[in-house]
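Sequence lines, in order, name chains A and B. Numbering-wise, the numbering used here comes out as the position in the first sequence, counting from 1, plus 52. Counted from 1, the second sequence has number 203 at position 213 by the numbering used here; the numbering is strictly sequential. Every residue gets a Cβ at the ideal spot worked out from N, C-alpha and C, and that includes glycine. Computed from a prediction, not measured in an experiment: that's the story for all the values here. Everything on this sheet refers to the single structure shown next.
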Amino acid sequence: MEAGMVTAAPALVRFSGIQKTYDGEHLVVKNLDLDIRKGEFITLLGPSGSGKTTTLMMLAGFEVPTHGEIYLADRPIKNVPPHRRDIGMVFQNYALFPHLTIAENIAFPLSVRKTNKADVQERVSAALRMIKMETFAHRRPGQLSGGQQQRVALARALVFNPQLVLMDEPLGALDKRLREQMQLEIKQLHETMGITIVYVTHDQSEALTMSDRIAVFNDGIVQQIDRPDALYEHPVNSFVAHFIGENNVLAGTVETIDKDFCRVVLAGGGAVTARAVNVSGAGASTSLSVRPERVAIVPEGTSSEGPNRLPARVQNTIYLGDHALAVLEVAGNAEFMVKLQPGAHHSLTPGEDVFISFRPEDCLALDPV
Amino acid sequence: MTTASPTGANAQAEVPLKRRLRRAERTRQVKALALVAPLLVFLLFTFAGPIAGMLWRAVDDREVRQVLPQTIAALANWDGKELPDEKAYAALASDILAARAAGTIAIAAKRLNYALNGFRTILTSTARNLKAAPEQRTARETLGKINPAWRERATWTTIKNASGPMTGFYLLAALDLVRNADGAIVAAPPDQAIYREIFARTFLISLGVTALCLILGFPVAYLLATLPPGRSNLLMIFVLLPFWTSLLVRTCAWIVLLQSKGVVNDSLHWLGIIDEPLRLIYNRFGVCVAMTHVLLPFMILPLYSSMKAISPAYMRAAASLGAPPLTAFLRIYLPQTLPGIGAGSLLVFILALGYYITPALVGGAADQMISYFIALYTTETANWGLASALGAVLLLATLLLALVYGKLVQGQQVTGGMKN
């Protein structure tokens, strides 16, 4: 999985056989083993209820694992209370203390550590400079916009130089433009300060933008941990393929397997050659995954080489500014998306019969959905 | 046409627009007023009216003026340094005869007796013995013979001081002050100076009950605010239960529990902890216990609502930033409950100030609060002037407290950064 990755940095955090249940019947986190390296930006990504937030809360110390142990810098921390873990945390709704000023909020972690006054002052003003909010020192959180509050929350979590910073969907409450700006700012802070960040989100584009590595959670299990590009290009199962980026699914049955590739007969008619990623053998049912940007539409009658050529009918076209989408019916899938150059959608009319083609390398045979 | 209209058209439309806006606003205001009106009228008649009446009665002093009008007129220019002249005596004799005929002597006698003990006897004996109007220039002699008190300056000063139509007499009395024969304000004689002590006692008991309510109510409110909804609703019913029971029933229940042959004493005796029954009621202890019980919901509810608004994320944030639980509580949680503590304490304190039934039923003679005396003067001795003056002083003290609280709350801004 760790294709070509230099793994010199030691693990800062190690989850070892972690299980968590709230009701004693249903496991929210099932047997989690996860290493987080020093200086890494790792994102826990998954739909709600997948166990990612529970994992983060166990690391922060607000939830106790039912089974297993968590190590922070080789020290077991299962029984260490949150305030002695030396972990900074940024909350979804910022959780700035409303009765304290911005400066007092940022000074809070220093003052509970009995740092001397002059030092506190210096570090608070440095933190305010870092987030470019020097003039807001004596305002209260209620007088700030969401983005400003988020910056203050960030400064507060970083000001005491924690070993690790946790972020629980910190940008969830911001609008799209501000969110994208904050993503870049957080990423920049991570790079300049060299801190280790564990970030939780359900937004896959946010995860792809910011992370060194992404752990995809589903149903209490880490489905795949990898670099963003590897997750996108080489998903290990249908869930990951579907959760990261846009994806077209075609159901079928494996006919033959030849080393890395297999021939798949589609349930809706036709046969294609696909890369065999997660299939058990000949005769097994499978889900094929094809990215919309890897599919070409070829006019009827055009001769085309290659094994993957399927008839399709145009359902609809969608104009999206920088690109356009064609919605096709392909082998029983009525929502098969193909990414087009902007303007190219004018040449397609609903109801028209066309052919699509894609390379075998771009079609992944995965576990059936 | 989608282009903007020329500016000239806008300017023309401006005047009618403003008028339209005013008209629309006026309709809205009239509607709002119509909705508020029934309550406003009700409050005016049942609240503002009686309070204004009470404040007026505290300074109203027209009784003597009505009964002895000629005397008051004759005394108008009297300097009070010596006995008044013959004319005043004649006027008094004439007034007394007229009042006896009208049967109004007792009214003046009652009022004058408040100011000078024994005045009732002076006036009634004079009225009884004055057969007819005295001869010219013999009024002073005649009255002096009937009752030697008429030869004393203090008697006449009392009448002049009570000449009205307004007086500070009752208000001064409520603060243990009197005006002496020379018109100076001095402390009342020790045997009459009781109200300051009663006010102090009232404030002390109220303060104690407020403190007890806060100590007992804070953890309960915290529990209510943090428990899951199902269990907190159940607990809330227990908190509200006292609200649904009559005050009298609750107070009497405490008598059953605390009396010398009551449940508590019997249980302690049966357990062998005590030999003699403890004195738990008809003393300060009983008053504080019963009042705390009755007033507890008024503390818990404002505390609960302020705690409910504090997101658990704050305490988590404090912990993640390195604050041990106690530090996080003192520096993050407690300051955010201050508005609730203030509101609850003020509510309980002000309600406790006016408590009457509970101390009257479970308190001893030394535990009666100011309301007891107000009730006493209103219903038993019909000294409405003094009752009103005591009420006015209590009202003033309460208003001052509310004002101070308002200032304190205004000083600190507690607007949350969190929306949820």
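Quiz item: Alpha carbon to alpha carbon, how far is L218 of chain A from I139 of chain A?
Solution: 7 Å
Quiz item: Any idea what DSSP makes of M289 of chain B, helix, strand or coil?
Solution: helix
Self-check item: G108 of chain B versus G381 of chain B: straight-line alpha-carbon distance, rounded
Solution: 27 Å
Practice problem: Give the DSSP-derived three-state secondary structure of L380 of chain A in the structure shown. | Solution: strand
Exercise. Using a Cβ cut-off of 8 Å (strictly closer), state whether N168 of chain A contacts chain B.
Key: no
Practice problem: Go through its chain and collect everything with a Cβ distance to T405 of chain B's Cβ below 6 Å, but skip five positions before and after it. | Solution: Low per-residue confidence applies at T405 of chain B: pLDDT is 39, beneath 50, and the placement is therefore not dependable enough to give any value.
Practice problem: From the DSSP output, in three-state form, read off S68 of chain A for me. | Solution: strand
Practice problem: Taking only the alpha-carbon atoms, compute the straight-line gap between A364 of chain A and P193 of chain A and give it to the nearest angstrom. | Solution: 56 Å
Practice problem: Compare the C-alpha of V54 of chain B against each of B:L391, B:A392, B:W374 and B:I95 and name the closest. | Solution: B:I95
Exercise. Can you tell me which of A:R411, A:A378 and A:N385 puts its alpha carbon nearest to the alpha carbon of H398 of chain A?
Key: A:A378
Quiz item: Which runs of the alpha helix (DSSP H) spanning at least 4 residues fall entirely within the stretch 155 to 209 of chain B, listed in chain order?
Solution: 159 to 164
Exercise. Pull up the distance between the alpha-carbon of A308 of chain B and that of A318 of chain B, whole angstroms please.
Key: 6 Å
Exercise. Express the C-alpha separation of F208 of chain B and N330 of chain A in angstroms, rounding to a whole number.
Key: 59 Å
Practice problem: Would you mind giving the Cβ-Cβ distance between V250 of chain A and Q276 of chain A, rounded to the nearest angstrom? I have them listed as a contact below 8 Å. | Solution: Not quite, the Cβ-Cβ distance comes to about 17 Å (not below 8 Å), so this is no contact.
Exercise. Whole angstroms is fine: what's the gap from S196 of chain B's alpha carbon to L148 of chain A's?
Key: 37 Å
Quiz item: When the cut-off is 8 Å and only beta carbons count, does H151 of chain A lie next to chain B?
Solution: yes
Practice problem: Find the residues of chain B that neighbour F160 of chain A, judging by a C-beta separation of less than 7 Å, and give them in chain order. | Solution: L311
Practice problem: In the DSSP assignment, find the unbroken alpha helix (DSSP H) run with E125 of chain B in it and report its ends. | Solution: From DSSP, E125 of chain B is part of no alpha helix (DSSP H); its letter is neither H nor E.
Quiz prompt | Where D405 of chain A falls: helix, strand or coil (DSSP) | solution = strand
Quiz item: Got a sec, what are the start and stop residues for the beta strand (DSSP E) D271 of chain A sits in?
Solution: No beta strand (DSSP E) holds D271 of chain A; DSSP gives it neither H nor E.
Quiz item: Apart from the five residues just before and just after L230 of chain B, which ones in its own chain have a Cβ nearer than 8 Å to its Cβ?
Solution: P287
Practice problem: Would you list the residues sitting across from T95 of chain A in a DSSP beta bridge? | Solution: A:Y251 and A:I266
Exercise. Measure the alpha-carbon distance for R18 of chain B versus Y395 of chain B and round it to whole angstroms.
Key: 34 Å
Exercise. Starting from M185 of chain A, follow the beta strand (DSSP E) in both directions and report where the run begins and ends.
Key: Looking at the DSSP string, M185 of chain A is not in any beta strand (DSSP E), and its letter there is neither H nor E.
Quiz prompt | Spatially closest choice to Q256 of chain A from A:N83, A:Y74, A:I94 and A:R165, by CA coordinates | solution = A:I94
Quiz prompt | 6 Å CB neighbourhood of F193 of chain B in its chain, flanking five on each side removed | solution = none
Quiz prompt | Sequence-distant residues of its chain with Cβ nearer than 7 Å to V81 of chain A (five each side left out) | solution = I70, Q71, K72, G103, T106, T107 and G272
Quiz item: So what's S236 of chain B in DSSP terms, helix, strand or just coil?
Solution: coil
Practice problem: Please look up how many angstroms separate the CB atoms of S290 of chain A and D419 of chain A, rounded, as I've assumed it's under 8 Å. | Solution: 5 Å
Quiz item: Can you give the beta carbon distance from A383 of chain A to G335 of chain A, rounded, assuming they're within the 8 Å contact cut?
Solution: The Cβ separation is near 19 Å, so there is no contact.
Quiz item: If you follow the alpha helix (DSSP H) that A350 of chain B is part of, which residue opens it and which one closes it?
Solution: I347 to V352
Quiz item: Out of curiosity, what's the CA-to-CA distance linking E258 of chain A and A159 of chain A?
Solution: 30 Å
Self-check item: Range of the contiguous beta strand (DSSP E) that encloses S102 of chain A
Solution: Where S102 of chain A is concerned, there is no enclosing beta strand (DSSP E), given that its DSSP letter is neither H nor E.
Quiz prompt | the stretch 126 to 141 of chain A: positions lying closer than 9 Å to chain B by Cβ | solution = P133, P134, H135, R136, R137, D138, I139, G140 and M141
Quiz item: Looking at chain B, which residues of the stretch 177 to 193 of chain A have a Cβ within less than 9 Å of any of its Cβ atoms?
Solution: R192 and P193
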